[in-house]
Structures are given as C-alpha cells and as structure tokens.
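Okay, structure first, notes after.
In my numbering, the protein residues as written are -17 to 356.
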C-alpha cells in the first residue's frame, strides 16, 4: 500500500480542513450516530430520535454518484489507494479508517513508545499516575450521568449520558459540514438538516430534565476540585477512586439537592479554592456513596501526614471528620443504591445479610458413654 501523503490545507488557512478530511470525519461521525440509533431501537427508546438517526446514511449518500462506474467499475476493486472524498464514495473512507487504526501493524508507523499509555503502571512515578488519573477519570457531564435515566416522556429508559454523546457527535458533524460555506456544505444540506432536528431533540431533553442541570454543576465543581497539582486532595481522589462516587444518582430518593449544588457552584466561581474547601465540597457531593470506614481512616491518615510536612497548607482534620460524619456516615442507610445486586448470583446485599443473620443449625451428637461391663 503506498504511503499516505498529507493533503495540503484548503484555501491556505490555519486550522483549515480539506474536503477529504471533512468527508472522512463526517463518515465516521455518521457511523457512530447510526450505531447509537441501532442500540436505542433495540431497547425501544425514543422512537423519534431513532428515526432521525436511521436517516443519516440515506441523506449522506443520496447525492453520491459514480459516473465512471461503467468504465472503471466499483471502487472496491480499484488498484490505487483513493483518499476519502465525496467523489470517491464511502468505500475508500472505510478502508482509510481501517488503515489508520492499523498503521503500526502494517508497518507504516512506529509505535509511540513515548506515550504515557505505553509505560507499565508499576514503572510510573506518583506524578505520572496522578496525571493519568486526572486525564482519564476527572468527572465530566457524561460520566456523572452514567447511572441516571432520562425522565422525559417518550424517551423510554434511555440513559441520559447517551444524549450528551449524541450532542457532541452532532457538533462535530456540523463543524465539518459548515466549516466553509462552499459546494461541500451545499452538497450535504440534507445531512445538516437532519442533524439540526437531532440537536432539537437534545435541546428538548437538556432543558427539561433536572439531571442535566445537576450534571452541569457537578462537571464544573470537579474542574475546581480535581486539579493537576501534586497535593493531598488529588492523591485522595486517586487513591480512593472518588470519581465513582461523584455522580447524579439513579434513584429518585437520592436525587441531588439542586439548591446545595447551585450554592457550591456559585461559591467556587472566579477564585482558587483552598485544600480544605476542595475536600469539603468533595465529601458533600460524594455523600452516602463514600460510607466505608476504612476509606475515612485512610483519608484522615493522609491529612495528618500532610499537616506534618514543613510549610504545608494546614487542613483541619477535625472539620473534615465532621463533614465525613455528617454527609457520609450518617446517611449511608438512606441510600438505596448501596443495596447492591449481583446479576451473576442473583443475590443482593440484603439477601446475604439475612442469610448471615439466621443461626446455623448444628447437628446434635450423642455423647458416647462408657460401656458397662458385664
């Protein structure tokens, strides 16, 4: 396969996109959106969204033509490597994507040994591990919605996170189509109109379901609380995996108090938070999800070790213990999500506790007496 040459930027603009790049990116985005639509249809969720998503490929390809097919035949059998473009059709775009994913295996690209991902975890420093953690696990709008279900009528049991994914993909497609107001944009006007309808459905959900408002607050609070600094707060987040507890709960009983979230959101704007402030916000948001005693002990131990360091910003351990007790320990019995269920064994925590509470029956053994002599 010939070496791929980078296409020159169109119109000589910085941050420009060639038509080939626009078409390839659009194909990939439409593929992802269509796959989401197939999954939603199988779950019986949001029929109108499924309808629009299923119409993207027809709209995408309705303007395609291969006028030389009768001479040259199908692009599938072409002898040259064709870069993805509207005039070449979708097969070169699919092969191009396949090649990009397998460049190392094809020998066209060396493995990026410098990548932080390629270094074994045991060989990484604490600083590198922290950097990886913040990059990969700092809560976002998508992740905090992972367990939440959309409550808008007609959406079925669609996961709220899916709407955010759809919205982001539509943004990407819109950018590629409308990057320039040219012949390319005019050619894909049907796709653009469908994307606008999909965006409208997302707007309907975002503006009506309070989970999305809570997720917005939590996303921006996380950016203030979890930073790239090598400090005790970030290491507590990493060592205790607190990203699991920073989320919009699934159960109505545990819905976050929007008033409290908004007050915290207002309090962090336009300023740098102290270590103590970041910890207080962390434990208030995590709440009853962070109820394990061994975690509380590890947190207190880390804070005591931090306070002993010369010149360290002091944190009131007593205050943090009070916050943990108020927002985490005392509320653990109120959290219905703590009653976990194992789909493999079909048991819940309540089932296991009931079994343990039943005293085990012991077999009565007859005492062997001494045989009387004759």
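Glycine residues also receive a C-beta, built at the ideal position from the N, C-alpha and C atoms.
Under DSSP, residue 141 takes part in a beta bridge, and its partners are 131.
Distance between residue 296 and residue 262, taken at the CA atoms: about 14 Å. Between the stretch 171 to 191 and the stretch 222 to 229, the count of Cβ pairs shorter than 8 Å is below three; the stretches do not touch. Out of -1, 282, 3 and 129, the CA that lies nearest to the CA of residue 82 is found in 3. Residue environment: residue 240 is assigned as exposed (fewer than 16 neighbouring CB atoms within 10 Å of its CB, all protein chains considered). Here the stretch 200 to 216 lies against the stretch 120 to 134, with 3 or more beta-carbon pairs under 8 Å apart.
Per the C-alpha coordinates, the member of 9, 177 and 152 positioned closest to residue 77 is 9. Of 164, 229 and 35, the smallest CA-CA separation from residue 127 is found for 229. Residue 19 sits in a helix when the DSSP states are folded into three classes.
For residue 206, the enclosing alpha helix (DSSP H) covers residues 192 to 207. Rounded to the nearest whole angstrom, the C-alpha separation of residue 150 and residue 15 is 10 Å. For the 9 Å CB-CB criterion, residue 227 and residue 276 do not form a contact. In the structure shown, the three-state DSSP call for residue 12 is helix.
For residue 32 and residue 268, the gap between their C-alpha atoms comes out near 35 Å.
Sixteen is the threshold: when 16 or more other Cβ atoms of the shown chains lie within 10 Å of the Cβ of residue 193, as they do, the residue is buried.
In the structure shown, residue 212 falls within a coil segment according to DSSP collapsed to helix, strand and coil.
Taking one beta carbon from each stretch, the stretch 279 to 288 and the stretch 296 to 312 have 3 or more pairs nearer than 8 Å; the two touch.
In its chain, beyond the 5 residues on either side, 4, 7 and 8 have a beta carbon closer than 6 Å to the beta carbon of residue 158.
In the three-state DSSP reduction, residue 229 falls in the coil class, being neither helix nor strand. Rounded to whole angstroms, the Cβ separation of residue 215 and residue 260 is 5 Å, and the two are in contact under 8 Å. In the three-state reduction of the DSSP assignment, residue 6 falls in the helix class, which pools H, G and I. The criterion of a C-beta distance shorter than 9 Å is not satisfied by residue 176 and residue 311.
In this structure residue 148 is buried. Its beta-carbon is surrounded by 16 or more other beta-carbon atoms within 10 angstroms.
When the five nearest sequence neighbours on each side are left out, the beta carbons in the same chain lying within less than 7 Å of the beta carbon of residue 244 are those of 199, in order along the chain. Separation of residue 248 and residue 242 (C-alpha to C-alpha, rounded to the nearest whole angstrom) is 10 Å. Close CB contacts of residue 154 within its chain, under the 6 Å cut and outside five residues either way in sequence, are with 11 (chain order). DSSP, read as helix, strand or coil, puts residue 28 in coil. If you draw a straight line from the Cα of residue 23 to the Cα of residue 39, it comes to about 16 Å.
Cβ neighbours of residue 252 within its own chain (closer than 8 Å, five residues either side excluded): none. Our two residues, residue 250 and residue 84, have alpha carbons roughly 45 Å apart in a direct line. A distance below 6 Å between beta-carbons, with the five flanking residues on each side excluded, links residue 142 to the following residues of its chain, in chain order: 127, 130, 132 and 193.
One Cα belongs to residue 256, the other to residue 25, and the distance between them is close to 46 Å.
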